[in-house]
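Working notes, structure below.
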Ligand code: SF4
Ligand code: SF4
């Protein structure tokens, strides 16, 4: 952005601004690699030279739906600034004085890095408990793929333990009326997004490169900093919001339940999902798609409050209609998963055949690397060039490169705000600094084991997906699908910039 400040100039302005929320002394950052050493900062790991220099902190607006700070716990160590600036590319990338709002994409990475526990997610546990205890309400809950490979850590299990069926048993024991799988709606997202991508490739080239839209932190980042690319964003709602929309329409009709009486809860690895749930665009027929979002960490608190021990609970199965998932839906939780899943179904939509084995084990798009590149050869469509990016600072570098060169060499780009994708989300279990990198790799490994072990590997083979199109949506991108499953975006640029 031409009106961005350089870091040096930004800090100079901050130091002289007196804006509440910035510390008394703002120093430059050290050279350590951001995000690579877990959430406990260097100065706490060995030498014990506490107290550290005061370095300031990020501003958090009182009405931020995702995170909050307990000022009594804040030690002004500046770790939240490190995360917000160096990992997410937000702090330091807008001018001061602040304009219409405090810049925040709600990612929660600052909560992962805050050593004193001052920053946490804004909790909705009491709201959900009240809904469960209200007998007039039908409370449904969905569980995200990344939560199914991480919640066990909160109960002393090894990172990478797959606990999906245990979570279903635990949620039923805790009193939820129906438990659905976000991997089902990830399959639904893929049906819509693959069809949309093929349409853009063949008939709407001005909307290429196609940018994924399932990560709410990335979407808000695009709205703040790259509004000129909003028309390249997929119009598909995220799996969270798609599932909420079909719960209050298709499922409500099937069960004969008034949508007004349904409370739609989601369990997510992500604090930005709380922001997404509250977006005015995420409603249909006057019903908000998602009523409450709990992070993985909040779910652990809720289950412990309800005295449900995940290690002892009986396994249970997801409820029907919105409970079946393919391997493609299960890999959404890792960076590259959306891309791999979309390519599997785009291949089928273009050729009428399932993809070859190489595209079912598509290694170039997997793993923690910041930017991965790959090419998919799809008969009838051609050679599709793809990039997969996680970590918003990496997204900034990639997009600024495209802007500088004037063109994109990629036709499809997946963006995930958090490094490694949702497995590293801001609502995930925290771990000791020496263990967090290993924990993330084990969560990724578990995600791909889930895929390999799935009876069906492709979204279009999911029997409940076939049923919802036969009984309700007719076909991808139909008028009804557009109404319930697609959305629009809001240009937020002028909230930060003149
Ligand atoms: S990381 Fe936590 S303790 Fe440190 S300045 Fe930020 S809010 Fe305060
Ligand atoms: S939630 Fe993300 S964008 Fe917001 S202050 Fe924290 S690190 Fe920065």
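In my numbering, the protein residues as written are 10 to 507. A virtual CB, placed ideally from N, CA and C, is assigned to each residue, including glycine. It should be emphasised that the depicted structure is a prediction, and the values quoted were computed from it without experimental measurement.
Inset, instruction - Could you tell me if the beta carbon of residue 89 falls within a distance shorter than 8 Å of some heavy atom in ligand 2? - result: Relative to ligand 2, residue 89 has its C-beta within less than 8 Å of a heavy atom.
Inset, instruction - Output yes or no for whether 9 Å exceeds the beta carbon distance between residue 329 and residue 470. - result: Not closer than 9 Å, so no.
Inset, instruction - Indicate the three-state DSSP secondary structure (helix, strand or coil) for residue 10 in the structure shown. - result: Unreliable placement is indicated for residue 10, whose pLDDT of 36 sits below 50; no coordinate value is reported for it.
Inset, instruction - Whole angstroms is fine: what's the gap from residue 479's alpha carbon to residue 435's? - result: Straight across, the Cα-Cα distance linking residue 479 with residue 435 is about 37 Å.
Legend entry - Minimum C-alpha distance to residue 373 - residue among 383, 202, 365: Out of 383, 202, 365, 383 has the C-alpha closest to the C-alpha of residue 373.
Legend entry - Contact belief for residue 196 with residue 468 at Cβ below 8 Å, rounded distance in angstroms: About 4 Å separates the two Cβ atoms, so the contact holds.
Inset, instruction - May I ask whether a heavy atom of ligand 2 can be found less than 8 Å away from the beta carbon of residue 471? - result: No, since every heavy atom of ligand 2 falls outside the 8 Å radius drawn around the Cβ of residue 471.
Legend entry - Three-way DSSP call (helix, strand, coil) for residue 532 in this model: Nothing in the structure corresponds to residue 532, since the chain is present only between 10 and 507.
Inset, instruction - Verify the contact flag: residue 127, CB atom, against every heavy atom of ligand 1, threshold strictly below 8 Å. - result: At a cut-off of 8 Å, the beta-carbon of residue 127 counts as near ligand 1: some heavy atom of the ligand is closer than that.
Inset, instruction - Check whether the Cβ atoms of residue 153 and residue 277 sit closer than 9 Å, and answer yes or no. - result: A contact, by the Cβ cut-off of 9 Å.
Inset, instruction - Taking residue 281 and residue 426 to be in contact with their CB atoms under 8 Å, please state how far apart those CB atoms are, rounded to whole angstroms. - result: Taking C-beta atoms under 8 Å as the contact rule, residue 281 and residue 426 qualify, at a distance of about 7 Å.
Legend entry - Beta-carbon proximity check, residue 203 vs residue 358, cutoff 9 Å: Inclusion of residue 203 and residue 358 in the CB contact set at 9 Å is warranted, their separation being smaller than that value.
Inset, instruction - Name the one or two DSSP bridge partners that residue 297 has. - result: Answer is 292.
Inset, instruction - Please work out which residues of its chain come closer than 6 Å, Cβ to Cβ, to residue 78, disregarding the five sequence neighbours upstream and downstream, and give them in chain order. - result: Correct list, in chain order: 69, 127, 128.
Legend entry - residue 262 to residue 295 span [Cα, whole Å]: A direct Cα-Cα distance of roughly 16 Å separates residue 262 from residue 295.
Inset, instruction - Rank 84, 506, 445 by C-alpha distance to the C-alpha of residue 168 and give the top, closest one. - result: Checked all of 84, 506, 445; the closest Cα to residue 168 is 445.
Legend entry - Cβ neighbours of residue 136 in the same chain (closer than 7 Å, five flanking residues each side left out): Excluding sequence positions up to five before and after residue 136, its CB lies within less than 7 Å of the CB of 301, all in the same chain and listed in chain order.
Inset, instruction - State yes or no: is the C-beta of residue 408 nearer than 8 Å to some heavy atom of ligand 3? - result: Absence of ligand 3 is noted for the structure shown, with ligand 1 and ligand 2 being the only ligands found.
Legend entry - Residue interval of the alpha helix (DSSP H) (run including residue 414): Per DSSP, residue 414 belongs to the alpha helix (DSSP H) from 401 to 414.
Legend entry - Validate contact between the stretch 112 to 126 and the stretch 141 to 161 using beta carbons, cut 8 Å, 3 pairs: No: the two stretches stay apart, fewer than three of their Cβ pairs being nearer than 8 Å.
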